[in-house]
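Participant: Attaching a single structure in structure tokens format; questions to follow.
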Amino acid sequence: MKRFILIVFLLGLSLPGRVFAQAMFAGAAAGSASVANDTLPAYPLALAEAPPAPNLDSTDELPVMSPELTLSTYQHRIALQAAELAAYSAVTVVRAELPDTSQQGEFELQRKFEAPHTLQFTPVHYTGDNFVKSNVITRLLQSEVDHVLKDDPSQTAISPANYKFSYKGAGRVQDRLVHVYQVKPHKKRPGLFKGRVYLDAHTGALVRAEGSVVKSPSFFVKHIEFWQDYTDVQSFTLPAHIHSEARARIVGRTIVDITHRDYQAAPAATTQSARQVPAM
Numbered sequence: 000m001k002r003f004i005l006i007v008f009l010l011g012l013s014l015p016g017r018v019f020a021q022a023m024f025a026g027a028a029a030g031s032a033s034v035a036n037d038t039l040p041a042y043p044l045a046l047a048e049a050p051p052a053p054n055l056d057s058t059d060e061l062p063v064m065s066p067e068l069t070l071s072t073y074q075h076r077i078a079l080q081a082a083e084l085a086a087y088s089a090v091t092v093v094r095a096e097l098p099d100t101s102q103q104g105e106f107e108l109q110r111k112f113e114a115p116h117t118l119q120f121t122p123v124h125y126t127g128d129n130f131v132k133s134n135v136i137t138r139l140l141q142s143e144v145d146h147v148l149k150d151d152p153s154q155t156a157i158s159p160a161n162y163k164f165s166y167k168g169a170g171r172v173q174d175r176l177v178h179v180y181q182v183k184p185h186k187k188r189p190g191l192f193k194g195r196v197y198l199d200a201h202t203g204a205l206v207r208a209e210g211s212v213v214k215s216p217s218f219f220v221k222h223i224e225f226w227q228d229y230t231d232v233q234s235f236t237l238p239a240h241i242h243s244e245a246r247a248r249i250v251g252r253t254i255v256d257i258t259h260r261d262y263q264a265a266p267a268a269t270t271q272s273a274r275q276v277p278a279m
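Per numbering that gives the first Met the number 0, the very first residue in the sequence shown carries number 0; after that it's consecutive.
Quick look at the structure:
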């Protein structure tokens, strides 16, 4: 029974990492931000090393683009990326922890994606408890592969069709001037979240996303939170670090950190792959 609950729990835990990342790069219709002055909600995270929130009272010079133009540019960028990114490879390190049982593990893998529906992992090195490897990390990776295979970008796209955007101010993240938008889904549907997205005010690139899943995938999972930082690879934007934490009624807490490095991206012009971007 406990193992079954853990499996269902992990499917929910993987939502912020893979479904949300898919939403980042799914094709989206252009839209505009609405201005609101209410304060941002807080999403406290368990790990002390979680990145600090940006200073929304920044007195920096005005950004190159307005909030509306930044959001429109972001949506244009993800549409282009969905059409142009045909393949990539990276080194992925997954760290998982079960604090209530003091079990943990770290798995380094080679990651390779080819559009539209191929995602492969090649093991490099593992250290830690075997239970965490077989029942947490391996199942998490398999759920990501399955999601890429059955992907439906329109259901989780960060677009006006799925979300209401409210502009919240400007600040800095990773020394980048950003516009901050609160996003709230129109419907409570698996794969959607409520929280914030941070867009580069000069380029419209996604810098960070954070929040909580709006619909739990199971009665046994009470809450799922995440934050995700991104990096620019050539003309593309790809995840760099994903932190996710979930709380379940029986299993307890599961904390997962996933980092990606050494990206090698291939534009569509250099491959014969279909044009679509994977979940992360």
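All C-beta atoms, glycine included, are put in the ideal place defined by N, C-alpha and C. Remember, it's a predicted structure, so these values are computed and weren't measured experimentally.
(1) Considering Cα atoms alone, identify which of Arg246, Arg76, Tyr125 and Ser165 is closest to Val212.
(2) If we call anything under 8 angstroms between Cβ atoms a contact, is Gln102 one with Asp128?
(3) To the nearest angstrom, report how far apart Ile223 and Arg252 are at their CA atoms.
(4) Which residues does DSSP list as the beta-bridge partners of Thr230?
(5) Roughly how many angstroms lie between the CA atoms of Thr202 and Gly170, to the nearest whole one?
(6) Below 8 angstroms, how does it come out for the segment 170–181 and the segment 135–148: are there three or more Cβ pairs, yes or no?
(7) Mind checking which residues open and close the beta strand (DSSP E) that includes His259?
(8) Between the beta-carbon of Ala85 and the beta-carbon of Ala114, is there less than 8 angstroms?
(9) Based on the DSSP secondary-structure assignment, which residues constitute the bridge partners of Arg246?
(10) For Leu79, name the three-state secondary structure that DSSP assigns.
(11) Just to confirm, is the Cβ distance from Tyr262 to Leu237 under 8 angstroms?
(12) Does the separation of the CB atoms of Tyr166 and Pro184 fall below 8 angstroms?
Facilitator: Inspection of the coordinates gives the following:
(1) Translated into positions along the sequence shown, residue 212 becomes position 213. Closest by alpha carbon: Arg246.
(2) Here residue 102 refers to the residue found at position 103 of the sequence shown. Here residue 128 refers to the residue found at position 129 of the sequence shown. Cβ atoms of Gln102 and Asp128: closer than 8 angstroms.
(3) Taking the sequence shown and counting its residues from 1, one reaches residue 223 at position 224. Taking the sequence shown and counting its residues from 1, one reaches residue 252 at position 253. Taking the straight line joining both Cα atoms gives about 10 angstroms.
(4) Residue numbering aside, residue 230 sits at position 231 when the sequence shown is read from its first letter. Beta-bridge pairing links Thr230 to Leu237.
(5) One-based indexing of the sequence shown puts residue 202 at position 203. One-based indexing of the sequence shown puts residue 170 at position 171. About 15 angstroms.
(6) no
(7) Here residue 259 refers to the residue found at position 260 when the sequence shown is read from its first residue. Segment Arg252 to Pro266, the beta strand (DSSP E) holding His259.
(8) Position 86 of the sequence shown, counted from the first residue, corresponds to residue 85. Position 115 of the sequence shown, counted from the first residue, corresponds to residue 114. Closer than 8 angstroms, so yes.
(9) If you number the sequence shown from 1, residue 246 lands on position 247. Answer is His222 and Arg252.
(10) Position 80 of the sequence shown holds residue 79. Reduced to three states, the DSSP call for Leu79 is helix.
(11) If you number the sequence shown from 1, residue 262 lands on position 263. If you number the sequence shown from 1, residue 237 lands on position 238. Cβ atoms of Tyr262 and Leu237: closer than 8 angstroms.
(12) Locating residue 166 in the sequence shown gives position 167, where the first residue counts as 1. Locating residue 184 in the sequence shown gives position 185, where the first residue counts as 1. Going by C-beta atoms, Tyr166 is not nearer than 8 angstroms to Pro184.
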